[in-house]
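**Student:** Chain order of the listed sequences is A and B. Take any residue in the first sequence, count from 1 to its spot, add 2: that is its number in our numbering. Take any residue in the second sequence, count from 1 to its spot, add 2: that is its number in our numbering. For every residue, glycine included, the Cβ atom is placed at its ideal position computed from N, Cα and C. Before anything else, here's the structure in question.
2 protein chains.
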Amino acid sequence: MKVVCSKSNLISGLQIVSKAVPSKTTMSILECILVDATEGVIKFIANDMELGIQTIVEGNIEERGYIAIDAKIFVDIVRKLPDNAVTIESDSSNKVIISCEKAKFNLIGRKGDDFTYLPSIEKVDGVSVSQFTLRNIIQQTIFSISENDANKMMAGELFEVDGDILKLVSLDGHRISIRKVKLSEEYSYKKVIVPGKALSEISKILGDSTEKIVHIYFTDKHILFEFDNTVVVSRLIEGEYFSIDQMLSSDYETKMSINRKELLDCIDRATLLVKEGDKKPVIISITDTNMELKIKSTIGSMDEVIDIDKQGKDLMIGFNPKFLIDALRAIEDEVVDIYLVNPKAPCFIRDKESTYTYLVLPVNFTTVD
Amino acid sequence: MKVVCSKSNLISGLQIVSKAVPSKTTMSILECILVDATEGVIKFIANDMELGIQTIVEGNIEERGYIAIDAKIFVDIVRKLPDNAVTIESDSSNKVIISCEKAKFNLIGRKGDDFTYLPSIEKVDGVSVSQFTLRNIIQQTIFSISENDANKMMAGELFEVDGDILKLVSLDGHRISIRKVKLSEEYSYKKVIVPGKALSEISKILGDSTEKIVHIYFTDKHILFEFDNTVVVSRLIEGEYFSIDQMLSSDYETKMSINRKELLDCIDRATLLVKEGDKKPVIISITDTNMELKIKSTIGSMDEVIDIDKQGKDLMIGFNPKFLIDALRAIEDEVVDIYLVNPKAPCFIRDKESTYTYLVLPVNFTTVD
C-alpha cells in the first residue's frame, strides 16, 4: 500500500477515529487504526468492538492495500511531522514507512486481516437531525449517566423518537436529565439505549453546524450515525429502560424563578468549602422575595442571598451542590423556573415547553445556624 | 482588622505570594498567608522558611490589624467571588469574614503572631537588572539544575556579578548551562548559589518589561529581590560552587552551523520513538554538507537529514535527545554553532560573544544500521 495525504487531513482523520481506540485493552489489534486503501478511497477505521468509527481521508492512492498501525504512535508521528504531504507505505511483511520531507519513520504494522471492520448495517428508516442539535442534547444530558453502577442501563441514555420529537434521557439514581427537540419531519417510533461512552465520543466529533445533518439508523443491536465523511457505529445496551414518566410530576407547592448565572455562581462558590468526597449539602431557604443559600463544613461556612420571584409556600431544602451545578450549566436560559414540593421530594428545573427537564433529589440536612 | 480591596488586586497579590507557600509541610502556619495591615499599607506575606515573598496590595484599611489565613482556601474563595470590592475582616478570636456583594464566607484564621516575617536585610551594595532580562536568563538556565541529587549545589544556580557582567550557571552532571548579560553599570564582585526553586518562582512573578527594574541585594545567608511592590527573599546554598572554567574549552575538531528550529523539530520528532525511562540516544553523523540524525527503539526507527555548514572533521556522536532539546529551546538565534571534538568529548553550543554556552556530554552508542 502507498498513500499520500496532507498532514492536516491526516490529523483530522486520526483525531476522529482515535475516539474509538480503547485506552486499555489486552487485544493489541484494537489499539490499531486500520488504513484501508483497497477500494479507491482512503478509509481510517478504529473499532473497540463496542464502538467503531470509520472516516474517509482525502489523499492519493499510489498503490492499493491496507495495514493496521498502532494508533498512539501513528498519531504522535503525524502530529510532529512538518506541515506538508505525508506518505504512508507498507509492504507484504507489514513494514510501515511514514515519511514527510526529509524525515522518515520505520515501524512494524499489523496485518489488515486481523482487524475487525464495522458491522454492516442497512441504511433504512433513518432519522435526521443537525450536527449542532445532536451535539447539544448529548452534552446537556450526558453528565447524569452513571458509569460504575451495577445497573448497566444507567451507563447509557434513552434515545427515543416519537413522531417528530427526539428525546434523550439519562439518570443515575439521584437525578434525571431529559432533553426534547423537534425534528423537521415525522418518523416511525424508535426507542433504544445508547452507551454513554459512544454518545460522549460522538459529541466530540460532531461540528457546530446547524446546516450539516447527521443521519441515524437503527437495528436491534446497533445504532449508526453518519455525518460528513464519517460513520460511527455503537452497540446498544439491551433491556428495558426505566419508566421515567411515573417519576415526573407537574404538581408543586413552591415555584421560584431565579437568575441562572447568579444561582450557578453562588453554588459554585459554596462548593469550595467542600472537600472532595465530603457530602456537605447546600441548604436553600426560600421566602417571598429571596432565597438564602448556606453551606457549612469543617473549613468554614458561607451564606448568600439572591432575589427571586416566588409562588406558593416558603421552603427549606438541601441539595448535593454538584447536581444543581450540572443541571444549571446545561441550561442556556437567563432565568430558570424551579418547582418544589417539600424537603423530601424531588425538585424540577424545567421550561414551560418541557424542552428540558432536570429532576434532582434533595438530601437530608441538619439546619445550619 | 478590616480591609477592602478590589478582587483583581487581591488575585494579583495572592498569586505572587502563593509562590512561597509550600505544597507539603507539617507546619500548618506555613500554609497561611499573612495579611498585615498594621502599618498603613496592606501587606501579604508567605514564607516557607527557605523562600519568603511579601507584596503590597492596594486597598483601604478600615481597621488596622493582622491575621494569617490558609492560603489555598483564601485563593479559592477570592477567585470565585464576583468581580467587585472584597472586604476581609478578622476579630480577636481569629474569626475571618470574607465578603463581596451578597456572598459572605466565615473562616477560622490563625494568629498573626505565629507567623514568621521575612528576614531583615540591609539594602546596600545592590545590583540592578531589568525584569525582562532576569526572567529570561533564569528560564534559559534553570532546566539543567538537578533537584534530587546528593550534591545540594546542583539544586542551585551560580549567580555571579563580575564588573558589569551578570552570569548564571547551572549544571547537573550531564550538562552545563551558562548565560551572561551586560549590566548598565559596574558592581563589586559577588558570587552566591541561589536555590533553583527560588529562581524558578521569581521568574514566574517577574514581568516582561525591559523598563522595570529588579534590585538585588546580598548577605552571607540570603539574597533579596525587590521589584514593583514585591520583595522576595531566599536563603542561599552554602558552599563552593563547581569550578566550571576548567570544564570549558574552546578547542574543537568539528564545527557545524545549523538551523536551530530544523534541528529542534527533528530531535523532537525522534523522541516520540523513545518511551519514558528508556535511554535511547539520537545518533548524529556529520559530513561535509549535511548531518543525518538517527534513532532506533523497540517502537521503530527514524532518520532525517538536515543541511549544515561544516568545518573540520566528519564525526558520528550520540546524545540524550532531551539535553539537546532543552538547550536548543533556550536559544533564540535562527542558526546555532555546535562545536565538537570526538564521540567521547562534550559538545558546546555557543554564540561568538559567549552570551550563551550550553555544554552537553555525549553518550555511548552502538551504531544504528
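Using beta-carbon positions only, say whether A:H387 and A:L363 come within less than 9 Å of one another.
**Tutor:** Outside the shown range of chain A, which is 3 to 371, sits residue 387 of chain A, and nothing can be said about it.
**Student:** Please state whether the Cβ-Cβ distance between A:T143 and A:I180 is less than 9 Å.
**Tutor:** Counted from its first residue, the first sequence places residue 143 of chain A at position 141. Counted from its first residue, the first sequence places residue 180 of chain A at position 178. Against a cut-off of 9 Å, the Cβ pair of A:I180 and A:T143 comes out as a contact.
**Student:** Determine which residues of the segment 102 to 131 of chain A have a Cβ less than 9 Å from any Cβ of chain B, and write them out in chain order.
**Tutor:** Here the close residues are E103, K104, A105, K106, F107, N108, L109 and I110.
**Student:** Any contact of the segment 88 to 106 of chain B with the segment 220 to 228 of chain B, i.e. 3+ C-beta pairs under 8 Å?
**Tutor:** They do not touch, by the three-pair rule.
**Student:** Counting only beta-carbon atoms, is B:E336 nearer than 9 Å to chain A?
**Tutor:** The residue labelled residue 336 of chain B in the question sits at position 334 within the second sequence. For B:E336, the answer is no, since every Cβ of chain A falls outside 9 Å of its Cβ.
**Student:** With DSSP collapsed to three states, give me the class of B:T256.
**Tutor:** As a working note, residue 256 of chain B is residue 254 in the second sequence. DSSP places B:T256 in strand when its eight states are reduced to three.
**Student:** Run through DSSP, which three-state label would A:K45 get?
**Tutor:** By one-based count along the first sequence, residue 45 of chain A stands at place 43. Here A:K45 sits in strand by DSSP.
**Student:** Could you work out which residue in A:V59, A:T27 and A:A22 is closest to A:C7 when comparing CA atoms only?
**Tutor:** By one-based count along the first sequence, residue 7 of chain A stands at place 5. Among A:V59, A:T27 and A:A22, the Cα nearest to that of A:C7 belongs to A:V59.
**Student:** Can you check the segment 222 to 273 of chain A for any beta strand (DSSP E) of at least 3 residues that lies completely inside it and give the ranges in chain order?
**Tutor:** The qualifying runs are 224 to 229, 232 to 237 and 256 to 261.
**Student:** I'd like to know whether the C-beta atoms of A:K4 and A:E41 end up nearer to each other than 9 Å.
**Tutor:** Mapped onto the first sequence, residue 4 of chain A falls at position 2. Mapped onto the first sequence, residue 41 of chain A falls at position 39. Cβ distance not < 9 Å, so A:K4 and A:E41 don't count as in contact.
**Student:** Using a threshold of 9 Å, state whether the C-beta atoms of B:A200 and B:L53 are closer than that.
**Tutor:** On the second sequence, position 198 is the one that residue 200 of chain B refers to. On the second sequence, position 51 is the one that residue 53 of chain B refers to. Closer than 9 Å, so yes.
**Student:** What residues from chain B crowd round A:C268, counting only those whose CB sits closer than 8 Å?
**Tutor:** Taking the first residue of the first sequence as 1, we reach residue 268 of chain A at position 266. Ordered by position in chain B, the residues that pass the 8 Å Cβ test against A:C268 are A105.
**Student:** What are the uninterrupted segments assigned as alpha helix (DSSP H) that are 4 or more residues long and contained completely in the segment 59 to 127 of chain A, given in chain order?
**Tutor:** Entirely contained in the segment 59 to 127 of chain A, the alpha helix (DSSP H) runs reaching 4 residues are, in chain order, 73 to 82.
**Student:** According to DSSP, simplified to helix, strand and coil, what is A:F350?
**Tutor:** Here residue 350 of chain A corresponds to residue number 348 of the first sequence, with the count starting at 1. Three-state DSSP puts A:F350 in a strand.
**Student:** Starting from the beta carbon of A:L274, find every residue of chain B whose beta carbon is closer than 8 Å, and list them in chain order.
**Tutor:** As a working note, residue 274 of chain A is residue 272 in the first sequence. Here the neighbours are I75, D78, I79 and K82.
**Student:** When the Cβ atoms of the segment 342 to 355 of chain A are set against those of the segment 291 to 308 of chain A, are three or more pairs found closer than 8 Å?
**Tutor:** The segment 342 to 355 of chain A vs the segment 291 to 308 of chain A: no contact.
**Student:** Specify whether the segment 181 to 192 of chain A and the segment 244 to 264 of chain A touch according to this definition: at least 3 beta carbon pairs, one from each stretch, less than 8 Å apart.
**Tutor:** No, the segment 181 to 192 of chain A is not in contact with the segment 244 to 264 of chain A.
**Student:** Could I get the ranges of all uninterrupted alpha helix (DSSP H) runs contained in the segment 148 to 186 of chain B, with 4 residues as the minimum, in chain order?
**Tutor:** Segments of the alpha helix (DSSP H) lying fully in the segment 148 to 186 of chain B: there are none.
**Student:** How would you write the range of the alpha helix (DSSP H) that A:V23 sits in, first residue to last?
**Tutor:** By one-based count along the first sequence, residue 23 of chain A stands at place 21. Taken as a continuous stretch (DSSP letters only), A:V23 belongs to no alpha helix (DSSP H), as it is neither H nor E.
**Student:** What distance in whole Å lies between the Cβ atoms of A:P345 and A:I319, which are believed to be in contact at a cut-off of 8 Å?
**Tutor:** Taking the first residue of the first sequence as 1, we reach residue 319 of chain A at position 317. Taking the first residue of the first sequence as 1, we reach residue 345 of chain A at position 343. With 8 Å as the limit, A:I319 and A:P345 qualify as a contact, their Cβ atoms being about 5 Å apart.
**Student:** Please tell me whether B:I207 and B:V234 are closer than 9 Å, where the distance is taken between their beta carbons.
**Tutor:** To locate residue 207 of chain B, count along the second sequence from 1; it is residue 205. To locate residue 234 of chain B, count along the second sequence from 1; it is residue 232. A contact, by the Cβ cut-off of 9 Å.
**Student:** Can you give the beta carbon distance from A:S211 to A:Q133, rounded, assuming they're within the 8 Å contact cut?
**Tutor:** Taking the first sequence and counting its residues from 1, the one referred to as residue 211 of chain A is at position 209. Taking the first sequence and counting its residues from 1, the one referred to as residue 133 of chain A is at position 131. Right, the Cβ-Cβ distance comes to about 5 Å (below 8 Å), so this counts as a contact.
**Student:** Counting only Cβ pairs nearer than 7 Å, list the residues of chain A close to B:V5.
**Tutor:** Here residue 5 of chain B is taken as the residue at index 3 of the second sequence, counted from 1. Result: empty, since nearest Cβ-Cβ is about 18 Å, beyond 7 Å.
**Student:** Does B:I195 come out as helix, strand or coil in the three-state DSSP assignment?
**Tutor:** Reading the second sequence from its first residue, position 193 is the one you call residue 195 of chain B. Strand.
**Student:** Considering only DSSP beta bridges, list what A:A39 is partnered with.
**Tutor:** The residue given as residue 39 of chain A occupies position 37 in the first sequence. In DSSP, A:A39 forms a bridge with A:G67.
**Student:** Measure the C-alpha to C-alpha separation of A:V284 and A:P197 and round it to an integer number of angstroms.
**Tutor:** For the purposes of this step, residue 284 of chain A is taken as the residue at position 282 of the first sequence. For the purposes of this step, residue 197 of chain A is taken as the residue at position 195 of the first sequence. So the alpha carbons of these two residues sit roughly 32 Å apart.
**Student:** At 4 residues or longer, and completely inside the segment 279 to 354 of chain B: list those alpha helix (DSSP H) runs for me, N to C.
**Tutor:** Counting only runs of 4 or more, we get 323 to 331.
**Student:** What do you get for B:M51, buried or exposed, if any count of 16 or more other CB atoms within 10 angstroms of its CB means buried?
**Tutor:** Position 49 of the second sequence holds residue 51 of chain B. Label assigned to B:M51: exposed.
**Student:** Hey, B:S146 and B:L160: beta-carbon distance below 9 Å or not?
**Tutor:** The sequence position of residue 146 of chain B within the second sequence is 144, counting from 1. The sequence position of residue 160 of chain B within the second sequence is 158, counting from 1. No, they are not a contact pair.
**Student:** Exposed or buried, which one is B:R66 when buried takes at least 16 other CB atoms within 10 Å?
**Tutor:** Counted from its first residue, the second sequence places residue 66 of chain B at position 64. So B:R66 counts as exposed.
**Student:** Use the C-beta contact count for B:D371: other C-beta atoms within 10 angstroms, 16 or more gives buried, fewer gives exposed.
**Tutor:** Here residue 371 of chain B is taken as the residue at index 369 of the second sequence, counted from 1. Caution applies to B:D371, whose pLDDT of 45 falls short of 50 and renders its modelled position unreliable; the value that the coordinates give is listed next. B:D371 comes out exposed.
**Student:** Cβ of A:G279 less than 9 Å from any chain B Cβ?
**Tutor:** Stepping through the first sequence from its first residue, residue 279 of chain A is reached at position 277. Taking Cβ atoms only, chain B never reaches closer than 9 Å to A:G279, which makes this a no.
**Student:** Between A:R181 and chain B, is there a C-beta pair that is closer than 9 Å?
**Tutor:** Here residue 181 of chain A refers to the residue found at position 179 of the first sequence. Chain B contact via Cβ: absent.
**Student:** For the putative contact between A:V98 and A:I140, defined by C-beta atoms under 8 Å, what is the C-beta separation to the nearest angstrom?
**Tutor:** Taking the first residue of the first sequence as 1, we reach residue 98 of chain A at position 96. Taking the first residue of the first sequence as 1, we reach residue 140 of chain A at position 138. Not really, about 35 Å apart at Cβ, beyond 8 Å.
**Student:** Just the chain B side, please: which residues come within less than 7 Å of A:R331 by C-beta, in chain order?
**Tutor:** Sequence index remark: in the first sequence, residue 331 of chain A carries index 329 (1-based). Those do not exist, as A:R331 stays about 15 Å from chain B at its closest Cβ, beyond 7 Å.
**Student:** What residues in its chain sit with their C-beta under 8 Å from that of B:C268, if we drop five residues either side in the sequence?
**Tutor:** Locating residue 268 of chain B in the second sequence gives position 266, where the first residue counts as 1. For B:C268, where only same-chain residues beyond five positions count, the Cβ hits under 8 Å are L295, E306 and I308.
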